[in-house]
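In what follows, a structure is listed as structure tokens, so that the remarks can point back to it.
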Ligand SMILES: *Cc1c(COP(=O)(O)O)cnc(C)c1O
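In the numbering used here, the protein residues as written are 301 to 751.
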């Protein structure tokens, strides 16, 4: 029997990334409140949120300082825009703070409302850049299969998700996809490092196929998030760097998940020693407390777009919204002053990764991998052959349901189970996460008659 709110939800609410018909039959879970790494539903169930919402609640739930700053800003100035030669104090202060933390060659920030809008902005900046450089044919952006870059038309096109492309005839023209560095699924007998080189070289092959004069940029996540926490082999990024240095194309690093501490560095460009021309940010920027995103622009790109470009005819009503910007600024200040990011690097991420490797011993786990505060495991029937439990990637959903029933939010990507907990998670809470994950694996194995 569904409660009144669930019935209203079924009648009136069309929800994102959901089979709304199937959802109406069972009724949605209603999340009511949260504190630290835990959240609660309307039935009184408690969950350890192993996904930090959607990879975003880096600082954890329930930080009163962020609520206070939002209230103060709403009373002071609830809204003003950044168009037509005006700014607000929070937007300018936030841009300054981000530039301070960003790689040294990146000093300008363009604000938007989300990660998708940020990648749409990248799409337009890249095209504008090459027009201004007098190379208008350099318009194609190369991305990777199984990438996630958002859900707007450009974002979904830049992404490499087949299940998104098949709805609405995507990708749009001018976007191409090359191989992803997913060794577990696609390694095909190569060593990890050989495969990393091979996956990277698919970028070079594509540049040569299209002609360098037609390629504007390459976009990638430092590690794929929604694709299944795919951490590239060590050989991958150095080879990509070699290729990017050889051809005159821009490099967009989508740090919507990896930014603001998830790797133990402020940006994964530091973690992987990359030198992007544009960085996409959102999610952890405000720890999800307010919707805000942005593009961090390198001096190289800013010198063209700003110094030579005149008006940039692009922006959003809520670009750098003052309440969102004030909250994001406070969020970053707390992540910094409380040593949350440095503690991830020095203490909690090594601990999480060490304990996560214990899962590799489990009879239905073919690989356990991760870095910083993200991790994934591959569910298999046979550890020797990596044969899957089911042919259609449904075992992940089974494992997720057991995990949720045990009070841990883990997310399935096909038969890959992933986590990305709040950065404030303690070692004791990591222990709880691992125990609950093991229990979910045991129950999944039993379900398939393996244990
Ligand atoms: C979530 C995500 C986006 C899209 O962000 P939205 O705020 O949902 O539009 C883009 N890129 C990556 C890597 C993401 O994880």
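Even for Gly, the Cβ is constructed at its ideal location relative to N, Cα and C. The model shown is predicted, which means the values in this text are computed figures rather than measured ones.
Tell me whether the beta-carbon of residue 719 lies closer than 8 Å to the beta-carbon of residue 415.
No, these two residues do not count as a Cβ contact at 8 Å.
So, for residue 342: in the same chain, excluding its five sequence neighbours on each side, which residues have a beta-carbon less than 7 Å away from its beta-carbon?
Cβ within range, chain order: 330, 332.
Taking the straight line between their C-alpha atoms, what separation do you get for residue 420 and residue 556?
One C-alpha to the other measures close to 13 Å.
Roughly how many angstroms lie between the CA atoms of residue 394 and residue 629, to the nearest whole one?
Taking the straight line joining both Cα atoms gives about 5 Å.
Considering only residues of the region 420 to 498, which uninterrupted beta strand (DSSP E) runs meet the minimum length of 3 residues and lie entirely inside it, listed in chain order?
Correct list: 440 to 444, 475 to 478.
How would you write the range of the beta strand (DSSP E) that residue 669 sits in, first residue to last?
Unbroken beta strand (DSSP E) run through residue 669: 665 to 671.
If contact is defined by three or more beta carbon pairs under 8 Å, each pair taking one atom from either stretch, is the region 528 to 536 in contact with the region 484 to 495?
Enough Cβ pairs lie closer than 8 Å, so yes.
Can you tell me whether DSSP reads residue 712 as helix, strand or coil?
In this structure, residue 712 counts as strand in the three-state DSSP scheme.
List in chain order: all unbroken beta strand (DSSP E) runs of 3+ residues lying wholly within the region 553 to 618.
With a minimum length of 3 residues, the continuous beta strand (DSSP E) runs that stay inside the region 553 to 618 are 578 to 581, 593 to 598.
Check whether the Cβ of residue 583 sits closer than 7 Å to any heavy atom of ligand 1, and report yes or no.
True, at least one ligand heavy atom lies under 7 Å from that Cβ.
Following the continuous beta strand (DSSP E) through residue 702, name the residue where it begins and the one where it ends.
It is not in any beta strand (DSSP E) - residue 702 instead sits in the alpha helix (DSSP H) that spans 695 to 705.
Pop quiz: residue 550 and residue 508 are said to be a contact at Cβ under 8 Å. What is the actual Cβ separation, rounded to whole angstroms?
Not really, about 18 Å apart at Cβ, beyond 8 Å.
Count the other C-beta atoms from every protein chain shown that fall within 10 angstroms of the C-beta of residue 702, then say buried if there are 16 or more, exposed otherwise.
Classification of residue 702: buried, given that the 10 Å Cβ count is 16 or more.
Would you tell me roughly how many angstroms separate the C-alpha atoms of residue 692 and residue 662, rounded to the nearest one?
So the two alpha carbons sit approximately 21 Å from each other.
Beta-carbon separation of residue 584 and residue 561 under 8 Å?
For residue 584 and residue 561, yes; Cβs fall inside 8 Å.
Any beta carbon of chain B sitting closer than 8 Å to that of residue 394?
No chain B appears in this structure, which consists of one protein chain only.
Given a cut-off of 8 Å on the beta-carbon distance, is the pair residue 520 and residue 447 in contact?
Going by C-beta atoms, residue 520 is nearer than 8 Å to residue 447.
Looking at residue 568 and ligand 1, is the gap between the Cβ and the nearest heavy atom below 7 Å?
Checking every heavy atom of ligand 1 against the Cβ of residue 568, none is found closer than 7 Å.
So, with DSSP's three-state summary, where would you put residue 386?
The answer is coil: DSSP assigns residue 386 none of H, G, I, E or B.
Only counting the same chain, and skipping five residues up and downstream in sequence, which positions put a Cβ closer than 8 Å to that of residue 480?
Cβ within range, chain order: 444, 445, 446, 447, 460, 486, 499, 524, 527, 530.
Taking the alpha helix (DSSP H) that residue 369 falls in, what are its first and last residues?
Here the alpha helix (DSSP H) through residue 369 covers 364 to 376.
Applying the 10 Å Cβ sphere with the 16-neighbour rule, what's the burial state of residue 380?
Residue 380 should be labelled exposed.
Determine, using beta carbons only, whether residue 403 and residue 546 come nearer to each other than 8 Å.
Taking 8 Å as the Cβ cut-off, residue 403 and residue 546 do not qualify as a contacting pair.
Where do the ends of the beta strand (DSSP E) carrying residue 331 lie?
331 to 335 is the extent of the beta strand (DSSP E) around residue 331.
Exposed or buried, what is residue 346 when buried is set at 16 or more other beta-carbons lying within 10 Å of its beta-carbon?
That one is exposed.
Can you check which of these residues, 458, 384, 676, 715, is closest to residue 619 by C-alpha distance?
Answer by Cα proximity: 384.
From residue 522 to residue 303, what does the alpha carbon distance come to, in whole angstroms?
Roughly 43 Å separates the two Cα atoms.
May I ask you to report which of helix, strand or coil DSSP gives residue 528?
Residue 528 falls in the coil class under three-state DSSP.
Which same chain residues, not among the five before or five after residue 601, have their C-beta less than 8 Å away from its C-beta?
The residues are 425, 429, 550, 577, 578.
Mark residue 589 as exposed unless 16 or more other C-beta atoms lie within 10 angstroms of its C-beta, in which case mark it buried.
Looking at its Cβ environment, which holds 16 or more other Cβ atoms inside 10 Å, residue 589 is buried.
Alpha helix (DSSP H) containing residue 633: first to last residue?
Run containing residue 633: 622 to 637, per the alpha helix (DSSP H) assignment.
When the Cα atoms are used, what is the spatial distance from residue 650 to residue 729?
Computed Cα separation, rounded: 14 Å.
Just the C-alpha distance for residue 408 and residue 366, rounded to the nearest angstrom, thanks.
For residue 408 and residue 366, the distance between alpha carbons rounds to 25 Å.
My guess is that residue 744 and residue 695 are in contact by the Cβ rule of under 8 Å, so how many angstroms apart are they, rounded?
With 8 Å as the limit, residue 744 and residue 695 qualify as a contact, their Cβ atoms being about 7 Å apart.
Closer than 7 Å: is that where the CB of residue 313 sits relative to any heavy atom of ligand 1?
Checking the Cβ of residue 313 against ligand 1 gives no.
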